[in-house]
Amino acid sequence: MTYQKKATVYVLNTAQHSRIQLKNHDNSIFEQARDVLKKMLEEKVLVGRKTDMTGVILASTEDTDNELADPDSGQYQHIKTLCRISQPTAQLIRDIVNVMPSDNKDATADMMDALILATHTIATHCRTLKYMKQIVLLTDAKHPIDWRDIKEVQETLVANSINLVVVGTDFNAETIVKEEEDSEQTLATKEENRRQWVTLVEVLGENSAIYSLSEATDTVNTFYPKEVRPTPVYRGFLKLGDPTTNRDAALSISVLMYARTYEVKLPISKKWSTLADMLGNGPPEDRSHEVIMDRKYKVINQNTTEDAEETPAEQKKDVEVRPEDLSKVYTYGKTLVKVTEAEEEYLELKTAQDMSIIGFVDAKWIPSSYMLANVYVITAGQYRTRWAGEAISGLARALHEKEAMALVRYVSKANSEPKLGLLSPDFEPSADVLQFVQIPFADDIRHLSFSSLDQFVTTSGKVIKKDHPLIPDKEMLDSMEEFVKSTNLMEIGKSEEGVPHEYLLPEQTFNPTLWRLNDAIKNRALNDAAPIPEPHPDLLAQLKPVPELVEKTKHQVEIMKALFKVKKVDRPLKKRGYGAVKADEIADEAGTRLPSVDEIIHTQRPEETKRARSEDLSYEETIQSFMNESVREIKSNDPVKDFNLMVANTREDLVTEAVEQMGNMILRLVSTSLGDQNYKKVLECLRAMRDTAAKEDESEAFNKYLHELKSQCDLGNPSSRRLDFWQLVVDANMTLITKEEARDSKVTSAEAEEFLKSKEKDHVESMFDEEYDLIDQDDLLDML
């Protein structure tokens with residue numbers, strides 16, 4: 006039986022002889038044992054379960070501090086209770102890190118006394134309550150132990166259902182570690198202690214064991230999935246038919262549903278205020294450092310008219326709005342529709358908790374891409390459990406026999422959104438169960454179309470199926486198939502026995518971000534200035550190609566390089582703004598071009614250079630320069646000016662963003678034009694955008710927008726309202742950018758000429774940005 010509460014007592018032997026250095030290791034025996042204990046406790050602190058209690062006892066300390074100590078009898082001496090059973094904290098880990106081995110050779114405790122104290126501590130704390138109880142003993146076998154009470158200790162451990170795990174620093178269940186300095190008496194003592202520990206552990210059952218220090222180290226350094234207590238996400242009935250209207254022809258099965266796969270979330274960070282430390286109010290333990298959020302709503306005063314300076318100060322202030330005065334609005338085209346809280350509540354779908362089978366589908370017709378979110382397991386519920394288990398087993402076997410799945414409507418709780426899901430059979434060793442996975446509604450499916458891999462369509466519509474650089478031939482396909490076969494992962498992994506198996510099994514692949522973040526939290530908990538730890542080598546290995554496969558496929562890769570003509574492409578230099586390029590051209594013609602930065606750096610110090618540049622500009626010019634560089638959005642009142650300012654920005658590269666915004670602005674101006682009102686402005690925008698795109702390697706973007714503009718004019722429709730505008734485009738010879746004009750273009754002169762002559766509608770996916778659906782005040786005024 007699995008109990009929710011846990012109580013674990015750790016006993017660490019700090020005897021002086023544990024200072025001995027481990028072979029082929031940087032740490033001593035004590036340091037390694039202490040590190041194992043620290044990592045065990047770190048996991049408990051990180052999880053933070055209040056029901057997982059821990060106590061720590063130190064043996065072989067110079068002083069004595071425990072509740073069983075009796076100075077008169079001399080028992081339970083040199084044993085110290087470092088922490089009574091309680092929820093472990095970061096302070097406990099700090100205390101353990103500061104524990105050092107004893108300096109006194111005579112300060113040696115009897116480990117049987119330490120075990121009895123740990124047993125007494127657990128029995129006193131847990132009493133008769135249901136706990137998972139365990140003692141973890143980290144010790145050596147070098148010092149003699151009084152085994153006279155072993156029978157009584159065994160009976161006490163069994164009576165209290167306490168498991169015992171012994172970590173031997175110089176022994177394991179089969180043998181002892183022999184040191185050169187060990188005498189025959191010491192070896193005999195080690196062997197006797199090992200034998201007695203084995204006898205004690207064997208009586209306690211399968212959850213008790215003896216491990217060596219190296220085995221314990223490997224265990225605490227091994228990645229493992231987080232243990233989760235199974236909690237049903239659904240308690241109810243699985244229905245086939247409607248039991249309320251047709252009881253005789255319906256089926257209702259009591260079920261419980263558990264999550265089988267669930268994404269592990271990263272630890273959540275909390276806000277921490279340092280203001281309390283700065284003010285120094287009260288002792289540190291009384292400072293909560295809590296951050297309380299206070300949200301306020303205000304109407305910002307945006308009066309920018311000429312009379313704004315004459316407006317009284319009271320009217321310039323922002324007006325605060327109470328939360329109850331706010332209402333939700335939804336967009337309907339360019340209209341904002343207000344919906345009150347009462348109306349929204351009325352519109353909510355009222356549902357009841359339910360899981361009903363609405364039909365059966367052939368499993369082969371369900372694409373794997375339709376499987377959404379997590380996978381859940383459905384087992385027999387608490388009502389008539391045996392009959393429910395038989396019903397689930399029968400349904401699972403019927404689905405398996407017919408190779409079908411059950412389509413279900415699932416509502417987790419009252420008034421929650423209904424979900425569509427599939428039930429598939431799963432046969433566990435202990436029982437037949439059903440698996441539930443959510444699938445999308447028709448509105449959730451995105452039908453995407455991609456370019457063909459076996460044919461190429463030119464801009465003129467010509468279909469090419471072979472002898473083209475973008476279409477692979479048979480030799481290329483065969484080479485790629487051979488490469489895929491040679492990178493098979495099914496037999497790359499090796500077990501401890503050397504047996505090949507599949508590499509990167511899901512059960513053995515862990516999230517590197519999660520584990521590294523947890524390591525960083527553990528380190529910073531002990532030291533605020535600790536550096537961020539490097540990722541674990543095993544985590545890095547799963548993110549890189551397998552070295553064996555890299556070596557195995559090296560020859561095949563060289564063949565593919567030659568076939569596909571793969572070569573390294575030099576990274577292009579950062580594109581300069583259009584304004585900077587244009588200014589250099591004008592300066593070159595006039596002979597007034599300023600020297601480059603490299604030229605200046607050899608003649609002036611940086612301070613002199615900055616001073617000279619600042620003195621060359623007047624105050625008004627400096628302010629205007631900053632204003633120009635702050636333009637990041639193209640408005641409809643003067644789009645060409647905004648476009649040129651964005652392109653001329655010398656602080657950052659905004660060319661691509663400017664071209665994209667200008668393309669969307671052109672499409673919008675044409676679609677919203679009243680007659681030919683915006684035609685002249687659009688032609689100016691097209692001309693500015695085309696000149697810049699040709700110079701700044703953005704010809705592909707310009708050509709796409711021009712295709713979209715032609716499609717929007719609907720030339721194939723004689724009654725189209727934009728035929729006259731397209732004629733203006735043709736008269737202005739505003740065609741596609743050809744490869745003679747720009748190096749990044751693939752359009753020939755013949756294709757560009759044909760583009761203007763063709764009257765067919767271009768089938769280009771809309772590039773219209775949703776953010777332009779809402780028109781600001783400047784745009785509305787400009788359209789009047």
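According to the numbering used here, the sequence shown is numbered sequentially starting from 6.
All C-beta atoms in this analysis are idealised placements derived from N, C-alpha and C, irrespective of residue type, glycine included.
Residue burial annotation: Ser754 is exposed, with fewer than 16 other C-beta atoms found within 10 angstroms of its C-beta. In the three-state reduction of the DSSP assignment, Ser421 falls in the coil class, being assigned neither a helical nor a strand state. Residue pairing by DSSP leaves Gln201 without any beta bridge partner.
For Asn642, the number of other beta carbons within 10 angstroms of its own is below 16, and it is reported as exposed.
Of the candidates Tyr229, Asp543, Ile258 and Pro505, Ile258 places its Cα closest to the Cα of Thr390. Counting along the chain, no alpha helix (DSSP H) covers Glu325; the unbroken beta strand (DSSP E) around it starts and ends at Val324 to Val326.
The shortest C-alpha to C-alpha distance from Lys49 to any of Val41, Thr59 and Thr740 is the one to Thr59. Beta-bridge partners assigned by DSSP to Asn168: Gln139.
Annotation: His541 to Arg521 spans about 8 Å, alpha carbon to alpha carbon.
Cβ atoms of Pro517 and Leu544 come within 8 Å of each other, at about 4 Å. The continuous beta strand (DSSP E) containing Met410 extends over residues Ala409 to Val416.
Close CB contacts of Tyr508 within its chain, under the 6 Å cut and outside five residues either way in sequence, are with Leu494, Ile497 and Gly498 (chain order).
Three or more pairs of CB atoms, one per stretch, sit closer than 8 Å, so the segment 196 to 203 contacts the segment 138 to 158. Secondary structure at Pro723: coil, using DSSP grouped into helix, strand and coil.
Burial state of Lys566 is exposed, judged by a 10 Å Cβ sphere holding fewer than 16 other Cβ atoms. Glu480 has its alpha-carbon roughly 16 Å from the corresponding atom of Lys490. About 25 Å separates the beta carbons of Thr227 and Ile167, which is beyond the 8 Å limit, so they are not a contact pair.
For Met58, the uninterrupted beta strand (DSSP E) segment begins and ends at Asp57 to Ala64. Pairing Met667 with Val645, the inter-Cα distance amounts to about 8 Å. A residue is called buried once 16 or more other Cβ atoms fall within 10 Å of its Cβ, and Asn649 is buried on that count. The C-beta distance from Glu196 to Ile215 rounds to 14 Å, too long to meet the 8 Å contact threshold.
By the C-beta density criterion, Gly173 is buried, having at least 16 other C-beta atoms within 10 angstroms. Contact between Val14 and Ile127 holds: their C-beta atoms lie close to 6 Å from each other, under 8 Å. Thr356 is positioned such that its CB atom lies closer than 8 Å to that of Asn420. Per the coordinates, the alpha-carbon of Asp658 lies some 23 Å from the alpha-carbon of Glu689.
DSSP places Asp31 in no beta strand (DSSP E); its state is neither H nor E. Taking a contact as a CB-CB distance under 8 Å, the pair Gln460 and Ile450 does not count as one, their CB atoms being some 26 Å apart. Look at the segment 414 to 495 and you find these whole runs of beta strand (DSSP E), each 3 residues long or longer: 424 to 432 and 437 to 444. With contacts defined by Cβ atoms closer than 8 Å, Leu17 and Ala64 form a contacting pair. Proximity of the segment 734 to 742 to the segment 441 to 450 falls short of the contact definition, fewer than three beta-carbon pairs being nearer than 8 Å.
Counting other Cβ atoms within 10 Å of its Cβ, His560 stays below 16 and is therefore classed as exposed.
Arg265 carries a coil assignment under DSSP once its states are collapsed to helix, strand and coil.
Around Leu761, the same chain offers Val735 and Thr740 as residues with beta carbons nearer than 7 Å, after the five sequence neighbours per side are excluded.
Restricted to the segment 95 to 133, the alpha helix (DSSP H) segments that are unbroken, complete and at least 4 residues in length are 95 to 102 and 116 to 131, listed in chain order. Taking 8 Å as the cut-off, the beta carbon of Ser750 is found closer than this to the beta carbon of Glu705. In the three-state reduction of the DSSP assignment, Thr194 falls in the helix class, which pools H, G and I.
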